[in-house]
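Following my numbering, the numbering of the sequence shown begins with 25 at its first residue and continues without gaps. No residue lacks a Cβ here, since even glycine has one placed at the ideal position from N, Cα and C.
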Amino acid sequence: MGALRSDAHKIINNSIAAVLPEAAVKKALERKEFYKDVAIVAIGKAAWNMARSAKEVLGDKVKKGIIVTKYGHSKGNIENCEIIEAGHPIPDENSILGASKAINLVSELEAGTDILLLISGGGSALFEKPLEGISLDAIKEITNQLLSCGANIVEINSIRKHLSAVKGGRFAQICGNKSIFAIVLSDVIGDQLDSIASGPTYPDSSTSEEAFNILEKYKVQINEPIKNALAIETPKTIMNCETIIAGNVNLLCESAAKIAAGLGYTPLILTTSMDGEAKEAGSLFATIAREIKTNDRTQFVPKPPCAIIAGGETIVHLNGKGKGGRNQETALSAAIGIEGLEDILIFSVGSDGTDGPTDAAGGMVDGETTRRMRQHSINPESYLEDNNSYAALKASGDLIITGPTGTNVNDMLVILCGK
């Protein structure tokens, strides 16, 4: 299994490198000529990397900037830019501080200054200013409930947008008649611009009625101030912002396929819109792996050695009290399904390097993973039921640890099948 693991790490490292924001930002700026001074507002897990690249391209044109990113994701000072680290996936006081400073920045800009908005995944939590009458604690509580019951990111962001003064196009309104050029790294399936970081400068397609329906669907209880805020429609027309998508999960999967082919595997990109339950995705991929190993169905999948690739973002229903993330839960579920199989490896990894509230990016499992767990008195099925994938994968030595990568374009799930 050593060769498969070595190849898996090469695929992970090189495919993530292909979607790092530095090159993407520089390429996007090639199509935009700034004739005036520029102010940068960067929000998201990749905000620091995106802002640094923009500063390198624009140089002295950048007069000031605000960078709001996740704790531990800043890598040093950037000239003329203030850096604020904030909470994710739940907003905190620094999320409000960062949004307030961004509002002050754009409100005080001299006439003729352009705004360069750099958006990446995580911005919904990192960039927040509740509507008047709404407390941060109320937003935290609703976010926690929606995360725990398995609401997807589009549903969660639909609620966030209607409770926020900066989401759902409202930040563009705050910018008034100032010109905004937005460069976006997409972490939302289908690149839905009004859901990426909750669309601070993009017209919102969600409605108040839909927001109420989502809360009813998941039985989330709300008070009167929340009801009043949700009833206020978000902007449906934005005239002062031009937007370009500079990177997404399609590029991540295409890069993985190219790297796998170079390593001798026949690649197949199964989907770039994977969603649903994490443990169900793991079980499905385990079933595909068994099919490849035990049946000759080359009309559907390539003959070994092959790499079956999927991209997207799953969800987790929190029924237990353990610790993990969607990629770790996917990997643990897959490990149970491929127990005993030889020359098969499955990994699930978050491109941002952080999976749930853990220091892991995901998990990488093989046919011996569950045996190694049981050697540590861990029942993998019980740990999966308790949402305790982190502890199980740590015991078996199957966690993927990358640290913050500086990008965020969804997750990748891959089967590697050897000869």
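According to DSSP, is residue i helix, strand or coil?
i           : result
residue 255 : coil
residue 103 : coil
residue 394 : helix
residue 127 : helix
residue 435 : strand
residue 425 : coil
residue 369 : strand
residue 188 : strand
residue 384 : coil
residue 236 : helix
residue 204 : strand
residue 408 : helix
residue 28  : helix
residue 361 : helix
residue 221 : helix
residue 374 : strand
residue 353 : helix
residue 209 : strand
Taking just the CA atoms, how far does residue j sit from residue i?
i           : j           : result
residue 28  : residue 370 : 10 Å
residue 79  : residue 118 : 24 Å
residue 42  : residue 174 : 30 Å
residue 210 : residue 386 : 19 Å
residue 256 : residue 183 : 12 Å
residue 315 : residue 48  : 38 Å
residue 333 : residue 289 : 11 Å
residue 244 : residue 169 : 7 Å
residue 34  : residue 283 : 8 Å
residue 403 : residue 397 : 7 Å
residue 433 : residue 296 : 11 Å
residue 374 : residue 37  : 12 Å
residue 326 : residue 291 : 7 Å
residue 271 : residue 431 : 9 Å
residue 281 : residue 415 : 30 Å
residue 287 : residue 440 : 11 Å
residue 308 : residue 125 : 46 Å
residue 143 : residue 395 : 43 Å
residue 123 : residue 436 : 31 Å
residue 354 : residue 196 : 38 Å
residue 418 : residue 410 : 15 Å
residue 377 : residue 40  : 9 Å
residue 331 : residue 155 : 47 Å
Evaluate residue i with the Cβ neighbour count: other Cβ atoms within 10 Å of its Cβ, from every protein chain shown; 16 or more gives buried, anything less gives exposed.
i           : result
residue 55  : exposed
residue 381 : exposed
residue 263 : exposed
residue 399 : exposed
residue 362 : buried
residue 161 : exposed
residue 59  : exposed
residue 393 : buried
residue 185 : buried
residue 351 : buried
residue 17  : In the structure displayed, the chain extends from 25 to 443; residue 17 sits before or after that span and is not available.
residue 324 : exposed
residue 303 : buried
residue 266 : exposed
residue 346 : buried
residue 318 : exposed
residue 372 : buried
Problem - Whole runs of the beta strand (DSSP E) within the segment 137-186, excluding any shorter than 3 residues - result: 138-143
Practice task
Count the CB pairs spanning the segment 144-152 and the segment 229-247 that are closer than 8 Å, and state whether there are at least three.
Solution key: no
Problem - Three CB pairs or more closer than 8 Å across the segment 160-177 and the segment 126-142 - result: no
Exercise for the section: Evaluate the contact criterion for the segment 94-114 versus the segment 66-77: three or more CB pairs, one atom per stretch, below 8 Å. Expected result: yes
Practice task
With a floor of 3 residues, list each beta strand (DSSP E) that falls wholly inside the segment 36-105, ordered by position along the chain.
Solution key: Qualifying beta strand (DSSP E) stretches, in chain order: 62-67 and 86-94.
Handout entry: Secondary structure, alpha helix (DSSP H): runs of 4+ residues fully inside the segment 259-310
Key = 273-286
Handout entry: Cβ contact check for the segment 104-115 and the segment 86-96: 3 or more pairs under 8 Å
Key = yes
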